[in-house]
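**Q** Quick note, the sequence shown lines up with residues 43 to 320 if you use this note's numbering.
First the structure, then my questions, so here it is.
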Amino acid sequence: MSLADDFLKELLDALEHDRLTLPTLPEVALRIREAVDDPNVSAGRLAQTIGNDAALAARLIKVANSPLLRGRMVVDNLQSAITRLGITFVRNLATGLAMEQMFQATHELVDARLRQSWEHSIEVASISHVLASHYTRLKPDQATLAGLVHEIGILPILACAEDTPALLEDEDTFNSILDQLHPKVGTAILKAWDFPPELVEVPEGYLNLGRNNGPTPDYVDVVTVANLQSYAGTNHPLTQFDWSQVPAFAKLGLSPEIDVHTAEELAEDIECAKQLFG
Numbered sequence: 043m044s045l046a047d048d049f050l051k052e053l054l055d056a057l058e059h060d061r062l063t064l065p066t067l068p069e070v071a072l073r074i075r076e077a078v079d080d081p082n083v084s085a086g087r088l089a090q091t092i093g094n095d096a097a098l099a100a101r102l103i104k105v106a107n108s109p110l111l112r113g114r115m116v117v118d119n120l121q122s123a124i125t126r127l128g129i130t131f132v133r134n135l136a137t138g139l140a141m142e143q144m145f146q147a148t149h150e151l152v153d154a155r156l157r158q159s160w161e162h163s164i165e166v167a168s169i170s171h172v173l174a175s176h177y178t179r180l181k182p183d184q185a186t187l188a189g190l191v192h193e194i195g196i197l198p199i200l201a202c203a204e205d206t207p208a209l210l211e212d213e214d215t216f217n218s219i220l221d222q223l224h225p226k227v228g229t230a231i232l233k234a235w236d237f238p239p240e241l242v243e244v245p246e247g248y249l250n251l252g253r254n255n256g257p258t259p260d261y262v263d264v265v266t267v268a269n270l271q272s273y274a275g276t277n278h279p280l281t282q283f284d285w286s287q288v289p290a291f292a293k294l295g296l297s298p299e300i301d302v303h304t305a306e307e308l309a310e311d312i313e314c315a316k317q318l319f320g
C-alpha cells in the first residue's frame, strides 16, 4: 500500500470514528455569535463585544461604507456600522473575517496551499454574495459565508499532512486526496460549529452538479454556480463540463454562457465584495 493510500485510509477511519481533530472557530467569532444569539442584544451591546478587537471593528466600519451597501452617509463608528449592516450580517461577516487566521500554517507547502484555498474561497464568496443579491431572495451575507466555508474541510486534512511531508511534495496525488475527503470533513466541521442546516449542506452539495432540490435556489445552488464561475476562462477540469446541464444555473435564472467577471452589471459588485476581505 502506498503512502497516499495509507494516509487516505487513516483519515477516513479517523473521520468515521470521530477521532479526527476538527478546527474550532476563532474566539472572537464565538463571542460575537454568542452575543447575537441573545434575544435582547442591541447594536450598542454588540459594539462593546466587537470593540475589544480593534482590527475587526475597523474592518466592519469599512464594510459599512462599502459601495456594495450604497449607504448615503459615511459611518464613522462601530455602533452605527452595526446598525447599518444589521446584527445577522455582522455575525456572518465577523465569522468570515475571523476565519482568515485559520488559513495559515508554519509548514511552507501547507501554508501555501492554505493561502491558495483562502483566496479561492474569497473569490467564491464574493461571487456568491452578488449572485444571491441579483438573482435570489436569499441573504447575501449568508451566501458570502457559504462561499467562504465551501472547502473548509481541507483544514484538518492539511494539518494531518504536515506530519507526512513527502505526501505534500506529490501535488497531484495530494490534491486527489483533498478532493475526495474535504467535502465530508467540511460537513463534519460545520455541524461541530453549529452552522444552520442550509450551510451544512454546502461542502458536500456544491460539487454535485446535477443536484436539483426543488424549484427555488438555495445556498448550495449559489455556491455551485459561484464555484464554476470562479474558473471561467481557465482550463480547470470543471470548465470542460456542460454547464447548461447544471440545474443551479436555471434555478438562478442565469445563463450558463455568462462570465460574471465581464458582465457589466455584476463585475463591479464582485470587485466590491472582494474588498470586504481585502
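Every residue gets a Cβ at the ideal spot worked out from N, C-alpha and C, and that includes glycine.
Excluding the five sequence neighbours on either side, which residues of its own chain have a C-beta within less than 8 Å of the C-beta of L98, listed in chain order?
**A** The sequence position of residue 98 within the sequence shown is 56, counting from 1. Answer for L98: V70, I92, A136, L139, A140, listed in chain order.
**Q** Go through the stretch 127-153 residue by residue and report every complete run of the alpha helix (DSSP H) that reaches 4 residues or more, in order.
**A** 129-141
**Q** Taking 8 Å as the threshold, find out whether the stretch 204-217 comes into contact with the stretch 161-169 through three or more Cβ pairs.
**A** no
**Q** Throw me the rounded Cβ distance for the A100 and R87 pair, which I believe falls under 8 Å.
**A** The sequence position of residue 100 within the sequence shown is 58, counting from 1. The sequence position of residue 87 within the sequence shown is 45, counting from 1. Contact flag wrong, Cβ pair sits at about 19 Å.
**Q** Please go through the same chain and pick out, in chain order, the residues whose beta-carbon is closer than 8 Å to the beta-carbon of G113, but skip the five residues on each side of it.
**A** In the sequence shown, the residue the question calls residue 113 occupies position 71. Only A106, N107, R126 meet the Cβ criterion.
**Q** Compute the beta-carbon to beta-carbon distance between L110 and A315, rounded to the nearest angstrom, for a pair I have assumed lies under 8 Å.
**A** Numbered from 1 along the sequence shown, position 68 holds the residue referred to as residue 110. Numbered from 1 along the sequence shown, position 273 holds the residue referred to as residue 315. Their Cβ separation, rounded to whole angstroms, is 6 Å, which keeps L110 and A315 in contact under 8 Å.
**Q** Looking at C-alpha atoms only, which residue of L50, H278, C202, L102 is the closest neighbour of H149?
**A** The residue given as residue 149 occupies position 107 in the sequence shown. Checking every option, the nearest Cα to that of H149 belongs to C202.
**Q** With a Cβ-Cβ cutoff of 7 Å, do V172 and L308 count as a contact?
**A** The residue given as residue 172 occupies position 130 in the sequence shown. The residue given as residue 308 occupies position 266 in the sequence shown. Remark: C-beta atoms of V172 and L308 approach each other more closely than 7 Å.
**Q** Along the alpha helix (DSSP H) that carries E243, what are the first and last residues, could you check?
**A** The count along the sequence shown starts at 1 and reaches residue 243 at position 201. That residue, E243, is in no alpha helix (DSSP H); it is neither H nor E in DSSP.
**Q** How is the alpha helix (DSSP H) around S272 delimited, first residue to last?
**A** The residue you call residue 272 lines up with position 230 of the sequence shown. Element bounds for S272: 261-272.
**Q** With a cut-off of 8 Å on the beta carbons, I'd call I199 and L223 a contact; round off their distance for me.
**A** Taking the first residue of the sequence shown as position 1, residue 199 is located at position 157. Taking the first residue of the sequence shown as position 1, residue 223 is located at position 181. The pair is a contact, with the Cβ atoms about 6 Å apart (cut-off 8 Å).
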